[in-house]
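To start, the structure itself, in structure tokens.
In structure tokens, the structure reads:
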């Protein structure tokens, strides 16, 4: 049985049934390179006079709130790259173009790093200024913040560097004195006034100009990176409004951090800068590579932790993260971190925000409290997620959701009223963390260091007050953060979570170390506690440890950090596998196929595919024999995103797959531009049109828009393998065959619905395709 | 057209042609969970009386030098996990079993970390001792090394802590004096003698007991992790011999490092420890997850760089690296690093080998020399790979390869003879690096610090001598390393590469900084140069930067390191895309599908698949109608690893795929054990045996060993997509269809051959399946 026999046998049979073999032999004949068969990229083969040779505008693009096809996008990019490489051998200009194309990715990364670093610096400076504004004003110029105001003053001594006559609290300015109950009340009221004003401005701006600018943005970015399209989510308006409102929201004193929003801001920068390069503008997959790197940049500028940022992107956010992206992310994260350092918003010329240098070694016996911290962190994380999701659900379903402005104002007022009297909640998150991380030195004037002046003395009075205040602050922060996260203002979670935990550490630490105050490093406990708490909420491990260690420069403390985060993750996982971001993704019904968890059930592809037993048969097109009118009727009577093309209704042998959008655009275009195409024209997907009677209208040839290599699995394929294929290849749909015949189709949504059903959740909670 | 019509239509047609529909409807009927259809795991469906219900021993295993099927292995593990989870709901014992199963991975990681850390500590101590043995002996006890010997002595002052009467050089011991030319010659000869003895022992042990223990092992481990099977490569003999010979080889003074071998040793530990847990012993995919983590452990103990180790495993070695492995690798790497620290082989109680703490900031203008270093590193890397591969090829093809012992001895003698007179080449690699990294302090007695005693004085005499010696050492090390790497002794590359570069730095640095000796940190240049050089040779970037930064504790110097490694990679890539490990993989003809590079050509699946145009048709089995004798004849007349099963020769509609090995074992077993199975028995792959005449021998039912969900692509699928599928899913073969009919098959080997052909290499250089 040689090749000849083989082809002949196929030939005879095929020609009788559907005449489809010619296209096979033609393609084989043209062998390898030059004429890539009409494939997924929407361009027709060159040996055909086909109206679709130049792809129509719109063909190959996606609608809003739809999932992209990674395979198609990557294939498109490889075609583009191949073309440039081939041309580069012909002329010098093309060669230069090819080189510039190769380096455009790096250039883009450089720009993203610079822009995000600059923006982060601006945000830091502005937030610092506005935050100080709540307490008072600088007489030299209102644009100076407290610290800066006193720098410019000559009357400041080192000891009292934050007190100078140029900086006046509101009470001083209004009543002329800073002493007494009345002044306190005035300051208190001004504090609340400013907090409310900032909160009001923030929520109004978000509602008026860019509704996508609210929240942390990380759940949505995760979804977008997995291939979903939300137009405008990373647009210029979102960027502008998010930047402004982030400053306002942080300054208003609301219990929120700026890392999540900074990741969002960095992604917006990346998305906007992508428009400068055709390579990234036109390709959804390539753009997502850049966005993955931008997520790393966001964390890098939020914490001054470039390596941690890259690992965060890899572990928590990204979906498709090839090695190339790893290098580029690292590069971009470094550029951003150094841009931020040049701007120097913290005035300490360090790359990191809370630079501490502990040198005391930790003891093995301390692992026990570290693990305890981990357990507490895990419990807190699980509780936080449950409470926050319950609150958000309530907001969605009850009347509460209709008054976001009032909600924000009430929370802001509440926060300001409760926060002001306690000096630990009054200061901004970053200030508080610095204070808590601080390894008390003798020069330090912080209350928390009260006990350390004489080593063998029991803890001083100031320390007990401080601990009491911290304990209160802990309870308060915990409660308010649950409510705040998910409101309609930009909000991050890291800093509040860390805060909550720092407090706790101090609480534990109290009982532990008061007797011999030098035995342990309190800052280390704060650090470990923060990591445990964040670990519980987000379920990150490696990236969290690396961030903490870069954040603080404490290379020696990897083991305590690791022990605490792992314990925290295990404890929290016991109460529910999802981190806060996944929980929010599910809450919003985004089509996100979690890559971390295994699909654990024993269903087969046939159990998940459509049509189900009771459903009407799968809507298919035949490769010839259908008229334009019939196709249009079929398309209009269904809502499917795509249709398989088969040899004939009888044989159900699969030829290809056509997307609804491409089909509609092409038919519409042909009816307008192509002469003679009427409802009775035949739609032909074969390479050569079949012979028709002379009086028949010219056929409409649509092979160019057909995907000739649709993915198929057999009906017996276990769903765990199918899910794996979907995840790893980034598929949108997959056809199901039985013994070589088309049987059904599985889409990403079908899989998500199936998973929801198994987990006893409502399958209808999956909203998008 | 409802479901009924649909099934009926299919039913009629199917039943006429092949009677195969029953099995479809049965499977659908049994719906989701309980009876997972006879699938990839080799167990038959429960509703059939099938001799294969319990898988036969051997079915589902692999032969030596073959590639595993990742999908099948992962599916097997998921089945196992599902079974345990289901059982755990029934009894407490099963629940405990399920919990212990979940934690066995972590336990295994702990054990691997402990074992590898302990071994690395032992190797360090032993190598240090043997290395000192080349110079002299301790009179108190020969088992003390030089440093230790003088510690125990009371007569040592701090200034001369390496000179004490208890430690005698060989000349002193033999001739009674350590002065004069004769003593020098005696020491020289003894040095050469020991070097030769160690080298001889090393090469003999390797040849006699474990031929796999030679070389760095990283190319092979990369291949193994990608799914290849080399039995014994990670076995106990390899472990024992590699550990011993590594100590000998390093001590012999050969220009080789111990990181590659340490990765190999760690992987051996992991592989051996895997046998303690059924979960890992029986599953090739799960075991490879552990091995990926072990690679991280190896680097972690080699450099004291746990994060760098994990990134090394991720970037350079691993093929399949899920997030779970990331966490576990990190855990294991930490455990190993801390075990090593507890053993404290370097006596400085630091986690890192060459701890330096520079605090001088670097200046932006210094980026220029850093990039220059990068360029040099890239050039050196490209040259090194070319030269080393040329040398290895020569060794393979000429008579040289037949005398590995003599080769090693000659190189060892040469190394010893040339190295001894130069004090920089005489010391061991680690010592030299410490010396070069050193930030000269006033106390330091090193020659290299000669110039620093008085800051504004031009470089002293000692410095010039030192630089001259270093320059010579650079040239020598470069040449000898090319020859050494790939010899039949355990050898690593990192340290020699780093060394080579350190020298160079010093050379550059000479011209740069002699005038005002304080202007730059020489150690930093050494560090950056080392990174650039290693980057050129291995093409690592992020992991290298992180390793260097963990190695030296220099958090501030990420940017210079990054600039140098990126430049180095780009420059080296311009001369050839392969790193040294990939080059060695290709040299050995292993079937390794590189995940980093894109497949850039526009071929289609039909161009790569077998059978080719001129070949005989694809060998297929039919799902019924073939006798045992016919099947045996078909299998024996071909050498294929597997055979597609089709409905019938005429229709060529694909039903499943059977592996040759499983088929042979099953038939063999049936002939022996199952009554009535003779050559005339029908082989049946359908779920229900067709009705046969009464006098026919009973059929042999083999549905249980058939893979019911073989992967298929269409003939029009571009090869870039096909290669992507192979890489991401870890396939071994994939079937090619055209309009629903089976047309051919593509194996991993076919793809590699095709790629070799396109790159104008010999396709026959791909040796294994």
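Residue numbers (our numbering), protein chains in the order written: chain E, 1182 to 1950; chain R, 1182 to 1950.
The beta-carbon is built from N, C-alpha and C at its ideal position, and this holds for glycine as well.
**OP:** Determine, using beta carbons only, whether residue 1517 of chain E and residue 1297 of chain E come nearer to each other than 8 Å.
**Re:** Taking a C-beta distance under 8 Å as the contact criterion, residue 1517 of chain E and residue 1297 of chain E qualify as a contact pair.
Original post:
Should the stretch 1385-1393 of chain E be called in touch with the stretch 1411-1422 of chain E, which here means at least 3 C-beta pairs below 8 Å?
Top reply: Segments in contact, yes.
Subject >> residue 1824 of chain R classed as buried or exposed, judged by whether at least 16 other C-beta atoms fall within 10 angstroms >> reply: Residue 1824 of chain R comes out buried.
Subject >> Proximity below 8 Å, CB of residue 1748 of chain E to CB of residue 1559 of chain E >> reply: When the beta-carbon positions are compared, residue 1748 of chain E and residue 1559 of chain E come within less than 8 Å of each other.
**OP:** Grab the span of the alpha helix (DSSP H) containing residue 1377 of chain R for me, first residue to last.
**Re:** Residue 1377 of chain R -> alpha helix (DSSP H) spans 1361-1390.
Original post:
When you check each C-beta in the stretch 1806-1831 of chain R against every C-beta of chain E, which residues fall closer than 7 Å?
Top reply: Those residues of the stretch 1806-1831 of chain R that come within reach of chain E (Cβ to Cβ, closer than 7 Å) are 1828.
Subject >> Endpoints, the beta strand (DSSP E) within which residue 1348 of chain R is located >> reply: Counting along the chain, the beta strand (DSSP E) containing residue 1348 of chain R begins and ends at 1348-1350.
Original post:
Since residue 1278 of chain E is in the alpha helix (DSSP H), which residue starts that stretch and which ends it?
Top reply: Run containing residue 1278 of chain E: 1273-1314, per the alpha helix (DSSP H) assignment.
Subject >> Close beta carbons around residue 1308 of chain E, own chain, < 6 Å, minus the five adjacent residues each side >> reply: If we look at residue 1308 of chain E and ignore the five residues flanking it on each side, its Cβ neighbours are 1428, 1431, 1432.
Original post:
Can you name the residues of chain R whose CB is closer than 8 Å to the CB of residue 1511 of chain E?
Top reply: Result: 1722, 1723, 1726, 1743.
Subject >> Inter-residue spacing [alpha-carbon to alpha-carbon] between residue 1839 of chain E and residue 1800 of chain E >> reply: Each residue's Cα considered, the two are about 12 Å apart.
Subject >> Nonlocal neighbours in the same chain, by C-beta distance under 6 Å from residue 1229 of chain R, ignoring five residues either side >> reply: The predicted model places residue 1229 of chain R with a pLDDT of 36, which falls under 50 and marks its position as unreliable, so this point remains unresolved.
**OP:** Note the first and the last residue of the continuous alpha helix (DSSP H) segment covering residue 1145 of chain E.
**Re:** With chain E represented from 1182 up to 1950, any question about residue 1145 of chain E goes unanswered, as that position is not in the structure.
Subject >> Delimiting residues of the beta strand (DSSP E) encompassing residue 1345 of chain R >> reply: From DSSP, residue 1345 of chain R is part of no beta strand (DSSP E); its letter is neither H nor E.
Subject >> Cross-chain neighbours of residue 1902 of chain R in chain E, by beta carbon under 7 Å >> reply: The contacting residues are 1252, 1256, 1890.
Subject >> Top-ranked residue by Cα proximity to residue 1883 of chain R, from R/1583, R/1849, R/1591 >> reply: Comparing Cα positions, the closest option is R/1849.
Original post:
Is the distance from the Cβ of residue 1714 of chain E to the Cβ of residue 1561 of chain E below 8 Å?
Top reply: For the pair residue 1714 of chain E and residue 1561 of chain E, the CB atoms are nearer than the 8 Å cut-off.
Original post:
Using 8 Å as the limit for Cβ to Cβ distance, is residue 1897 of chain E near chain R?
Top reply: Chain R contact via Cβ: present.
Subject >> Three-state secondary structure assigned by DSSP to residue 1566 of chain E >> reply: DSSP places residue 1566 of chain E in helix when its eight states are reduced to three.
**OP:** Quick one: using the 10 Å Cβ neighbour count with 16 as the cut-off for buried, is residue 1277 of chain R buried or exposed?
**Re:** Counting Cβ neighbours within 10 Å, residue 1277 of chain R comes out exposed, since fewer than 16 surround it.
Original post:
Is the CB of residue 1934 of chain E under 8 Å away from at least one CB in chain R?
Top reply: Taking Cβ atoms only, chain R never reaches closer than 8 Å to residue 1934 of chain E, which makes this a no.
**OP:** Can you check DSSP and say which residues form a bridge with residue 1807 of chain R?
**Re:** Paired residues: R/1864.
Original post:
Along chain E, which residues have their Cβ under 9 Å away from the Cβ of residue 1777 of chain R?
Top reply: What residue 1777 of chain R touches in chain E: 1503, 1504, 1505.
Original post:
If you count every other CB in all the chains shown that lies within 10 Å of the CB of residue 1940 of chain E, and 16 or more means buried, which is it?
Top reply: For residue 1940 of chain E, the number of other beta carbons within 10 angstroms of its own is below 16, and it is reported as exposed.
**OP:** Compute the Euclidean distance between the alpha carbons of residue 1933 of chain E and residue 1901 of chain E, then round it to the nearest angstrom.
**Re:** Spanning the two alpha carbons is a distance of roughly 13 Å.
Subject >> Burial state of residue 1946 of chain E (16 or more Cβ within 10 Å) >> reply: By the neighbour-count rule (16 or more Cβ atoms within 10 Å), residue 1946 of chain E is not buried but exposed.
Original post:
Are the stretch 1367-1381 of chain E and the stretch 1432-1451 of chain E touching, with three or more C-beta to C-beta distances below 8 Å?
Top reply: Judged by Cβ distances under 8 Å, the stretch 1367-1381 of chain E makes contact with the stretch 1432-1451 of chain E, as three or more pairs qualify.
**OP:** Using beta-carbon positions only, say whether residue 1751 of chain R and residue 1466 of chain R come within less than 8 Å of one another.
**Re:** Taking 8 Å as the Cβ cut-off, residue 1751 of chain R and residue 1466 of chain R do not qualify as a contacting pair.
Subject >> Cutoff 6 Å; reference residue 1796 of chain R; Cβ partners in own chain excluding five residues on either side >> reply: Once the five neighbours on either side are set aside, residue 1796 of chain R has no close Cβ partner at all.
**OP:** Can you pull the chain R residues whose beta carbon is under 8 Å from the beta carbon of residue 1400 of chain E, in chain order?
**Re:** None at all; the shortest Cβ gap to chain R is about 18 Å.
Subject >> Contact between the stretch 1491-1508 of chain E and the stretch 1307-1326 of chain E (3+ Cβ pairs under 8 Å) >> reply: Result no; under three Cβ-Cβ pairs closer than 8 Å.
**OP:** Run down chain R in chain order and give the residues with a C-beta less than 8 Å from the C-beta of residue 1280 of chain E.
**Re:** Result: empty, since nearest Cβ-Cβ is about 11 Å, beyond 8 Å.
Original post:
Closest by CA to residue 1442 of chain E, which one among E/1551, E/1786, E/1479, E/1908?
Top reply: Checking every option, the nearest Cα to that of residue 1442 of chain E belongs to E/1479.
Original post:
When we look at the beta-carbon of residue 1353 of chain R and count the other beta-carbons within 10 Å, is it buried (16 or more) or exposed?
Top reply: Flag for residue 1353 of chain R reads buried.
Subject >> Integer Cβ distance of residue 1724 of chain E from residue 1496 of chain E, believed to fall under 8 Å >> reply: That pair is a contact at about 5 Å.
**OP:** Label residue 1904 of chain R either buried or exposed according to how many other C-beta atoms from any shown protein chain fall within 10 Å of its C-beta, with 16 as the threshold for buried.
**Re:** Label assigned to residue 1904 of chain R: buried.
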